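**Student:** Let me begin by handing over the structure; questions about it come next.
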Amino acid sequence: MSPDVVSRIFCSRRGIPSRGLSLALLLSAGVLTACGSPAPATVAPHADAETVARTPTTAVAQSQADEPSPGAGTPSRTAPVADGDSDFGRMLVGFHQCRYEGLFVNDLPGQPTTAPDIGWFRAHPAAACGRDDDFHYFCMSERYQGLDVRRMALPRTGGLPSVALYLKQDLATARSILQQQLGSDFRSSPASEAGIAPELVADPADASGSILVCTREF
2 MSPDVVSRIF
12 CSRRGIPSRG
22 LSLALLLSAG
32 VLTACGSPAP
42 ATVAPHADAE
52 TVARTPTTAV
62 AQSQADEPSP
72 GAGTPSRTAP
82 VADGDSDFGR
92 MLVGFHQCRY
102 EGLFVNDLPG
112 QPTTAPDIGW
122 FRAHPAAACG
132 RDDDFHYFCM
142 SERYQGLDVR
152 RMALPRTGGL
162 PSVALYLKQD
172 LATARSILQQ
182 QLGSDFRSSP
192 ASEAGIAPEL
202 VADPADASGS
212 ILVCTREF
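Rendered as structure tokens:
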């Protein structure tokens with residue numbers, strides 16, 4: 002899919018299933034000059050315990066917390082803690098099966114916008130580097146299963162239920178490394194359609210990069 006097509010999809014948002022729309026938005030984040038660049042983000046590291054206790058549960062928050070069960074086509078290999086930052090590795094230990102908790106940004110009206118209350122985000126309060134209508138972006142230099150992660154997209158409260166890792170490796174290289182590390186090259190599959198495995202796609206904004214994205218069901 003070309004950047005021009007993705008840009009038109011992003012701007013119109015018509016007639017696309019939730020998973021397809023979510024993936025289109027993530028792919029188009031870096032190529033949309035017509036729609037404008039993501040706004041600078043102002044995201045607090047995390048909410049205090051009292052704020053969290055007062056925060057109402059939303060459908061998206063619940064969907065991020067509920068871990069789906071692995072199914073056919075899902076990589077069954079247990080992923081070791083990723084190399085690099087141990088907090089980052091622990092946060093993504095189940096990402097190969099789209100199993101993770103709390104990876105969304107709380108930006109409910111009338112409350113401070115807060116990053117996930119997870120170790121890596123607490124240790125990197127200045128990582129927020131952009132936002133758009135559906136996602137917050139965090140810039141980083143981390144490692145996941147032998148891959149270099151330069152950016153992460155997390156859903157806004159009420160936004161589309163996707164989490165994405167923007168990788169420095171191109172699509173072919175990333176597929177090869179993931180196959181070696183996790184036993185799957187994460188092409189589009191029934192498991193990725195069901196939200197129980199990520200999908201690896203080319204980054205339309207950077208031919209030398211790729212994107213590994215999990216899209217949960219609402």
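Residues are numbered in our numbering as their position in the sequence shown, beginning at 1, plus a constant of 1. Don't be surprised by glycine CBs; every beta carbon is placed ideally from N, CA and C. Note that this is a predicted model, so its numbers are computed, not measured.
(1) CB-CB under 6 Å to ILE212, same chain, minus the five flanking residues each way: which ones, in chain order?
(2) My output table needs one value for ALA192: the three-state DSSP class, helix, strand or coil.
(3) Cutting at 7 Å between CB atoms, please list the residues of its own chain near SER209, excluding the five before and the five after it.
(4) Judging by CA-CA distance, which residue of CYS140, ARG123 and PHE136 is the nearest neighbour of ALA129?
(5) Since GLY120 and ARG91 are thought to touch, with beta carbons under 8 Å apart, how far apart are those beta carbons, to the nearest angstrom?
(6) Cβ atoms of GLY103 and ASP88: under 8 Å apart, would you say?
(7) Can you name, in chain order, every residue of its own chain whose Cβ lies under 6 Å from the Cβ of CYS215, other than the five neighbours on each side?
(8) Using the C-alpha atoms, what's the distance from GLY184 back to SER190?
**Tutor:** In brief:
(1) Indexing the sequence shown from 1 puts residue 212 at position 211. These residues qualify, in order along the chain: ALA165, TYR167, VAL202 and ASP204.
(2) Position 191 of the sequence shown holds residue 192. Reduced to three states, the DSSP call for ALA192 is helix.
(3) Here residue 209 refers to the residue found at position 208 when the sequence shown is read from its first residue. Result list for SER209: ASP171, in chain order.
(4) If you number the sequence shown from 1, residue 129 lands on position 128. The option with the nearest alpha carbon to ALA129 is CYS140.
(5) As a first step, residue 120 must be located in the sequence shown, where it is residue number 119. As a first step, residue 91 must be located in the sequence shown, where it is residue number 90. About 7 Å separates the two Cβ atoms, so the contact holds.
(6) One-based indexing of the sequence shown puts residue 88 at position 87. One-based indexing of the sequence shown puts residue 103 at position 102. Contact: no.
(7) Taking the sequence shown and counting its residues from 1, one reaches residue 215 at position 214. Answer for CYS215: CYS99, VAL164 and PRO199, listed in chain order.
(8) Start at 1 with the first residue of the sequence shown, and residue 190 comes out as number 189. Start at 1 with the first residue of the sequence shown, and residue 184 comes out as number 183. Whole-angstrom Cα-Cα distance: 14 Å.
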